[in-house]
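Inspection log for the structure reproduced underneath, given as structure tokens.
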Amino acid sequence: MDGMDEIASRKALWQETAQLKKARQAKIETGLDIAPLYTPDDLATTDFFRDIGFPGEVPFTRGIYPLMYRDRLWGIRQYSGFGTAEDTNRRWKALAESGQVAGVSLANDLPTQLGYDSDDPIALDEVGRVGCAVDTLSDLNLLFDGIPLDKTPVSFNQSTQAPFFLAGLIAVAKRQGVDQARLLGTVSNCTLLEYACRGNWVYPAVPSMRMAIDVASYCIQHMPRYFPFNFFGCNLRSAGATMAEEVGFTFAIAMAYLDEALRRKIDIDDIAPRISFFFTSGIRMFEEAAKLRGGRRAWARLMADHYGAKKEASKMMRMTVYPFASEFSPVEPELNLVRAACGVAAAAMAGAQVIWSPSIDENFAIPSERTARWALRTGQILAEETDVAKTVDPLGGSWFVESLTNAYEEAIMAAVAQIERAGGAIQAIESGYMQRQMADNAYRWERDTASGKRVVVGFNKYRLEGLDEEPIAVHRTDAHTVEAQVRRLRQVRETRDSPRVRAALDNLRRMAEGEENLVPAFLEAVEAYATVGEITSALKSVWGTFKEPVDV
Amino acid sequence: MSELSRWAHSGDTPGGRRIRVLIAKPGLDGHDRGAKVVARALRDAGMEVIYTGLHQTPENVAAAAVQEDVDVVGLSILSGSHLALTGRVVRALGDMGAADKWVVVGGIIPKEDVEALHSLGASAVFPATNTGLDSMVDTIRQLVLG
Numbered sequence: 001m002d003g004m005d006e007i008a009s010r011k012a013l014w015q016e017t018a019q020l021k022k023a024r025q026a027k028i029e030t031g032l033d034i035a036p037l038y039t040p041d042d043l044a045t046t047d048f049f050r051d052i053g054f055p056g057e058v059p060f061t062r063g064i065y066p067l068m069y070r071d072r073l074w075g076i077r078q079y080s081g082f083g084t085a086e087d088t089n090r091r092w093k094a095l096a097e098s099g100q101v102a103g104v105s106l107a108n109d110l111p112t113q114l115g116y117d118s119d120d121p122i123a124l125d126e127v128g129r130v131g132c133a134v135d136t137l138s139d140l141n142l143l144f145d146g147i148p149l150d151k152t153p154v155s156f157n158q159s160t161q162a163p164f165f166l167a168g169l170i171a172v173a174k175r176q177g178v179d180q181a182r183l184l185g186t187v188s189n190c191t192l193l194e195y196a197c198r199g200n201w202v203y204p205a206v207p208s209m210r211m212a213i214d215v216a217s218y219c220i221q222h223m224p225r226y227f228p229f230n231f232f233g234c235n236l237r238s239a240g241a242t243m244a245e246e247v248g249f250t251f252a253i254a255m256a257y258l259d260e261a262l263r264r265k266i267d268i269d270d271i272a273p274r275i276s277f278f279f280t281s282g283i284r285m286f287e288e289a290a291k292l293r294g295g296r297r298a299w300a301r302l303m304a305d306h307y308g309a310k311k312e313a314s315k316m317m318r319m320t321v322y323p324f325a326s327e328f329s330p331v332e333p334e335l336n337l338v339r340a341a342c343g344v345a346a347a348a349m350a351g352a353q354v355i356w357s358p359s360i361d362e363n364f365a366i367p368s369e370r371t372a373r374w375a376l377r378t379g380q381i382l383a384e385e386t387d388v389a390k391t392v393d394p395l396g397g398s399w400f401v402e403s404l405t406n407a408y409e410e411a412i413m414a415a416v417a418q419i420e421r422a423g424g425a426i427q428a429i430e431s432g433y434m435q436r437q438m439a440d441n442a443y444r445w446e447r448d449t450a451s452g453k454r455v456v457v458g459f460n461k462y463r464l465e466g467l468d469e470e471p472i473a474v475h476r477t478d479a480h481t482v483e484a485q486v487r488r489l490r491q492v493r494e495t496r497d498s499p500r501v502r503a504a505l506d507n508l509r510r511m512a513e514g515e516e517n518l519v520p521a522f523l524e525a526v527e528a529y530a531t532v533g534e535i536t537s538a539l540k541s542v543w544g545t546f547k548e549p550v551d552v
Numbered sequence: 001m002s003e004l005s006r007w008a009h010s011g012d013t014p015g016g017r018r019i020r021v022l023i024a025k026p027g028l029d030g031h032d033r034g035a036k037v038v039a040r041a042l043r044d045a046g047m048e049v050i051y052t053g054l055h056q057t058p059e060n061v062a063a064a065a066v067q068e069d070v071d072v073v074g075l076s077i078l079s080g081s082h083l084a085l086t087g088r089v090v091r092a093l094g095d096m097g098a099a100d101k102w103v104v105v106g107g108i109i110p111k112e113d114v115e116a117l118h119s120l121g122a123s124a125v126f127p128a129t130n131t132g133l134d135s136m137v138d139t140i141r142q143l144v145l146g
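Chains as they are written, first to last, in this note's numbering: chain A, 1 to 552; chain B, 1 to 146.
Next up, the structure:
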């Protein structure tokens, strides 16, 4: 570009006058220095049309849709659930009353996610604790009572039980008179991520991948508005992944599923448009926005160059983003509202499709109705009072942010390559390689926090004398809740058509041994009121369980 | 560094071997970041650490503690079910004749439950937001070395 040489030489003069050596050091997480000043010549090798372009057009650096928030604001969908289906239904309705109109996102308890019924001895003390207990279709009918499924996007944070919940949604919708083709929402459906960083796995990798592609294939054929994959890379970050690893490792994992789909003769342009991602943002606002913009461009190029995808929709990195709560402080937690606001701002400026916020007490409690409402309000204020949504990609063209975007595209692709070198995502996870990278980083993070290298205001810097960490408040499971849940479960078992359940479970086992799509068999079992425990046991008897690598 | 001086620096048991710690994840909670960070800190401090992996029953944990002949059993629990699980692990250890092993508990633990955990048999409690790694290492050393 003309004038770049002049800019460069005048900058050199400026650097001398400014005494550049005096500038305090600043780096991004990759270790790359952040310059005290960015100028147009920092983007001398950037081609506007190739690298930045227009929103809604490849490589989607500026956003996946042309008008973004000027057409429609991001959706807010708070992850929520606890106790019984009725408890969760009530919380959802309260959130809707406060203005959460973009659908619901279900949090389930551990027994449900791991396929144990609420009266299983192993579920003792865990029923309804970290999320809502669901044993059968009976719970799901109550969960969605008064929630119109033809209008409400539903997010299931389920991988192991993805087909159970998908089948359940279809069954509940049927009762509401809503055909499955109209259902909206997403299901995580990624057991590889569970193995790597979330822990809610049951079956080994091969049958889990088969089941995941069955769900995807079913959605492609019957549910055009439902997204069968939501790759929750955010949990990698919580496990210790760096920003570049969060996105890059997730891409490598997504590629494992795409490769399996291709192996099963599903066209890349049929499956890639059905994928979405779940990433974090945080307080380093510009770096986080650059990470997501760089990721968007990297994904578009990956889909085009590596997979030969033709459709525009195949190259779009749809994303839900939330500020990750590991940056929050347990001292003066009310200040986490500031941290959350920064993270939501970053996500908005990066062009996320859905944004939600952790509550200020997310690190040490199940949010109360009040703190959950504040989290919702954070997003609403950003959306409707500030100007982050007034133009598409407000950070575009910033010499600083575009430089960081370039750096992150490179770092993300390097992380993808790292996993490919380790044998691909499945091998990297079965061997424990991916987990070890993240745990090493988590250790460094902990040491940096303890030493004060990573500043947390009020916690390890400017800490007030005598100000303690906020007391941890666990959600006490109400004995009545557990009793009610177990009572309903037992009643369902007594009143359902037992031969029909047995036949459905036999069928499921038979199908699991074969290669046909499992979703119809799940539908049959769920509609017969088979429990999540019975279904999981049936499949465990055929497939066994995942062998976790424990070499930390 | 000679073998001997290496052990001396790592604060070993008087018998001359490294402190052995089992880091366990009892129950259904799948968050292992804390457990893995603690494992690294204990290793850096010269201890030998064995990690059980997720989804362990209390009986599994006790059996592993006996099989690995550890000095300390560290329970990492973030789902809120620490009281029930700690009680059951201590009981299981007793049933296997391993009541002499130190049991320590860390994770999402409200202040008001700390005393209850001690009554259940925990010798030290490390609530997640209120414990530094170095103090955890010191506490464990003190328990074992007396």
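Yeah, the Cβ is synthetic: ideal placement off N, Cα and C, and Gly gets one too.
* To do: Taking only the alpha-carbon atoms, compute the straight-line gap between Ala407/A and Val154/A and give it to the nearest angstrom.
  => To locate residue 407/A, count along the first sequence from 1; it is residue 407. To locate residue 154/A, count along the first sequence from 1; it is residue 154. Taking the straight line joining both Cα atoms gives about 35 angstroms.
* Asked: By the criterion of Cβ-Cβ separation under 7 angstroms, what are the contact partners of Arg198/A in chain B?
  -> Residue 198/A sits at position 198 when you count from the first residue of the first sequence. Under a criterion of Cβ atoms nearer than 7 angstroms, the residues of chain B adjacent to Arg198/A are, in order, Gly30.
* Are the C-beta atoms of Gly128/A and some chain B residue less than 7 angstroms apart? -> Looking up residue 128/A in the first sequence gives position 128. Chain B, which has no Cβ nearer than 7 angstroms to the Cβ of Gly128/A, makes this no.
* What's the C-alpha gap between Met316/A and Met303/A? -> For the purposes of this step, residue 316/A is identified with residue 316 of the first sequence, where counting begins at 1. For the purposes of this step, residue 303/A is identified with residue 303 of the first sequence, where counting begins at 1. Answer to the nearest angstrom: the Cα atoms are 9 angstroms apart.
* Asked: So with Cβ pairs under 7 angstroms, would you call Val105/B a contact of chain A?
  -> As a first step, residue 105/B is located in the second sequence; it is residue number 105 there, counting from the start. False, the Cβ-Cβ gap to chain A never drops below 7 angstroms.
* Enumerate in chain order the residues of its own chain whose CB-to-CB distance from Ile28/A is below 7 angstroms, with the five nearest sequence positions on each side excluded. => Position 28 of the first sequence, counted from the start, is the residue given in the question as residue 28/A. Result list for Ile28/A: Ile34, Glu287, Leu404, Ala407, in chain order.
* **For Ile360/A and Arg77/A, the rounded distance between their alpha carbons** => Taking the first residue of the first sequence as position 1, residue 77/A is located at position 77. Taking the first residue of the first sequence as position 1, residue 360/A is located at position 360. Distance between the alpha carbons of Arg77/A and Ile360/A: 16 angstroms.
* **Close-in-space but distant-in-sequence residues of the same chain around Asn460/A (CB under 7 angstroms, 5 per side omitted)** => The residue you call residue 460/A lines up with position 460 of the first sequence. Thr449, Gly452, listed in sequence order.
* Anything in the segment 520-540 of chain A with a Cβ closer than 9 angstroms to a Cβ of chain B? List those residues in chain order, please. => For the segment 520-540 of chain A, the set of residues with a beta-carbon nearer than 9 angstroms to any beta-carbon of chain B is empty.
* Could you check the C-alpha separation between Gly128/A and Ala35/B for me, to the nearest Å? => As a position in the first sequence, residue 128/A is number 128, starting the count at 1. As a position in the second sequence, residue 35/B is number 35, starting the count at 1. Looking at the two C-alpha atoms, the distance is approximately 24 angstroms.
* **Residues sharing a beta bridge with Val21/B, DSSP** => Mapped onto the second sequence, residue 21/B falls at position 21. Per DSSP, Val49/B, Val72/B.
* Leu126/B to Glu430/A, Cα distance in whole Å? -> Here residue 126/B corresponds to residue number 126 of the second sequence, with the count starting at 1. Here residue 430/A corresponds to residue number 430 of the first sequence, with the count starting at 1. Just to set this straight, residue 126/B is Phe in the shown sequence, not Leu. Rounded to whole angstroms, the separation of the alpha carbons of Glu430/A and Phe126/B is 31 angstroms.
* Is it true that the CB of Ala504/A sits closer than 7 angstroms to the CB of Ala530/A? -> Residue 530/A sits at position 530 when you count from the first residue of the first sequence. Residue 504/A sits at position 504 when you count from the first residue of the first sequence. Closer than 7 angstroms, so yes.
* Between Lys36/B and chain A, is there a C-beta pair that is closer than 7 angstroms? -> One-based indexing of the second sequence puts residue 36/B at position 36. For Lys36/B, the answer is yes, since a Cβ of chain A falls inside 7 angstroms of its Cβ.
* Straight-line CA distance for Ala162/A to Tyr79/A? -> Counting from one through the first sequence, the residue named residue 162/A turns up at place 162. Counting from one through the first sequence, the residue named residue 79/A turns up at place 79. When rounded, the distance between both Cα atoms is 17 angstroms.
* To do: Can you tell me which of the three DSSP states Val130/A falls into?
  => For the purposes of this step, residue 130/A is taken as the residue at position 130 of the first sequence. Correct three-state label for Val130/A: coil.
* Straight-line CA distance for Asp51/A to Asn141/A? -> Your numbering for residue 51/A matches position 51 in the first sequence. Your numbering for residue 141/A matches position 141 in the first sequence. One alpha carbon belongs to Asp51/A, the other to Asn141/A, and they sit about 48 angstroms apart.
* Asked: Is Phe48/A buried or exposed, if buried means 16 or more other CB atoms sit within 10 Å of its CB?
  -> For the purposes of this step, residue 48/A is taken as residue 48 along the first sequence, with counting starting at 1. Looking at its Cβ environment, which holds fewer than 16 other Cβ atoms inside 10 Å, Phe48/A is exposed.
* Asked: Where Ala45/B and Val137/B are concerned, what is the direct C-alpha to C-alpha distance, given to the nearest angstrom?
  -> Numbered from 1 along the second sequence, position 45 holds the residue referred to as residue 45/B. Numbered from 1 along the second sequence, position 137 holds the residue referred to as residue 137/B. Distance between the alpha carbons of Ala45/B and Val137/B is about 7 angstroms.
* Asked: Applying a beta-carbon distance threshold of less than 9 angstroms, which residues of chain B neighbour Ala239/A?
  -> Mapped onto the first sequence, residue 239/A falls at position 239. Against chain B, the beta carbon of Ala239/A has neighbours under 9 angstroms at His31, Asp32, Arg33, Lys36, listed in chain order.
* By the criterion of Cβ-Cβ separation under 7 angstroms, what are the contact partners of Ala125/A in chain B? -> Position 125 of the first sequence, counted from the start, is the residue given in the question as residue 125/A. One detail in the question is off: residue 125/A reads as Asp in this sequence, not Ala. Among the residues of chain B, those whose CB is under 7 angstroms from the CB of Asp125/A are Ser81, Ala84, following chain order.
* Asked: How far does the alpha helix (DSSP H) with Gly533/A in it reach, from first residue to last?
  -> Indexing the first sequence from 1 puts residue 533/A at position 533. 532-543 is the span of the alpha helix (DSSP H), which, as asked, contains Gly533/A.
* Does the distance from the CB of Gly106/B to the CB of Ser81/B come in under 7 angstroms? -> As a position in the second sequence, residue 106/B is number 106, starting the count at 1. As a position in the second sequence, residue 81/B is number 81, starting the count at 1. No. Outside cutoff.
* Asked: What number of angstroms, rounded off, separates the C-alpha of Ile122/A from the C-alpha of Val202/A?
  -> For this step, residue 122/A is matched to residue 122 along the first sequence. For this step, residue 202/A is matched to residue 202 along the first sequence. About 14 angstroms.
* Going along the segment 39-70 of chain B in order, which residues come within less than 9 angstroms of chain A, judged by CB to CB distance? -> Within the segment 39-70 of chain B, the residues whose Cβ lies closer than 9 angstroms to some Cβ of chain A are Ala39, Arg40, Ala41, Arg43, Asp44, Val49, Ile50, Tyr51, Thr52, Gly53, Leu54, His55, Thr57, listed in chain order.
* Mind checking whether Val72/B and Val21/B have CB atoms under 7 angstroms apart? -> Here the question's residue 72/B lines up with position 72 in the second sequence. Here the question's residue 21/B lines up with position 21 in the second sequence. In contact: Val72/B and Val21/B (Cβ atoms closer than 7 angstroms).
* According to the neighbour-count rule (16 or more other Cβ atoms, all chains shown, within 10 Å of its Cβ), is Val455/A buried or exposed? -> For this step, residue 455/A is matched to residue 455 along the first sequence. Exposed, since its Cβ has fewer than 16 Cβ neighbours within 10 Å.
* Ala241/A classed as buried or exposed, judged by whether at least 16 other C-beta atoms fall within 10 angstroms -> In the first sequence, the residue the question calls residue 241/A occupies position 241. Looking at its Cβ environment, which holds 16 or more other Cβ atoms inside 10 Å, Ala241/A is buried.
* Asked: Per DSSP, what kind of secondary structure is Leu140/A in: helix, strand or coil?
  -> What you label residue 140/A is simply residue 140 of the first sequence in a count that begins at 1. The answer is helix: DSSP assigns Leu140/A an H, G or I state.
* **Beta-carbon gap between Gly81/A and Gly351/A smaller than 7 angstroms** => On the first sequence, position 81 is the one that residue 81/A refers to. On the first sequence, position 351 is the one that residue 351/A refers to. No, the pair does not count as a contact, with Cβ atoms beyond the cut-off.
* To do: Pick helix, strand or coil for Asp24/A, following the three-state DSSP scheme.
  => Counted from its first residue, the first sequence places residue 24/A at position 24. It is worth fixing the name first, because residue 24/A is Arg in this sequence and not Asp. Looking at Arg24/A - three-state DSSP - the assignment turns out to be coil, as it is neither helix nor strand.
* To do: Using a threshold of 7 angstroms, state whether the C-beta atoms of Ala98/B and Val66/B are closer than that.
  => Reading the second sequence from its first residue, position 98 is the one you call residue 98/B. Reading the second sequence from its first residue, position 66 is the one you call residue 66/B. Contact flag set, yes.
* Please say whether Met319/A and Phe279/A have beta carbons closer to each other than 7 angstroms? => Locating residue 279/A in the first sequence gives position 279, counting from the first residue. Locating residue 319/A in the first sequence gives position 319, counting from the first residue. Yes, the pair counts as a contact, with Cβ atoms nearer than the cut-off.
* Segment limits, beta strand (DSSP E) that includes Val125/B -> Taking the second sequence and counting its residues from 1, the one referred to as residue 125/B is at position 125. Per DSSP, the unbroken beta strand (DSSP E) holding Val125/B starts and ends at 124-127.
* To do: Within 10 angstroms of the Cβ of Arg502/A, are there 16 or more other Cβ atoms? Answer buried if so, exposed if not.
  => Numbered from 1 along the first sequence, position 502 holds the residue referred to as residue 502/A. Answer is exposed; the Cβ neighbour count stays below 16.
* Asked: Going straight from the alpha carbon of Met413/A to that of Trp356/A, what length do you get?
  -> To locate residue 413/A, count along the first sequence from 1; it is residue 413. To locate residue 356/A, count along the first sequence from 1; it is residue 356. Met413/A and Trp356/A: Cα-Cα distance of roughly 27 angstroms.
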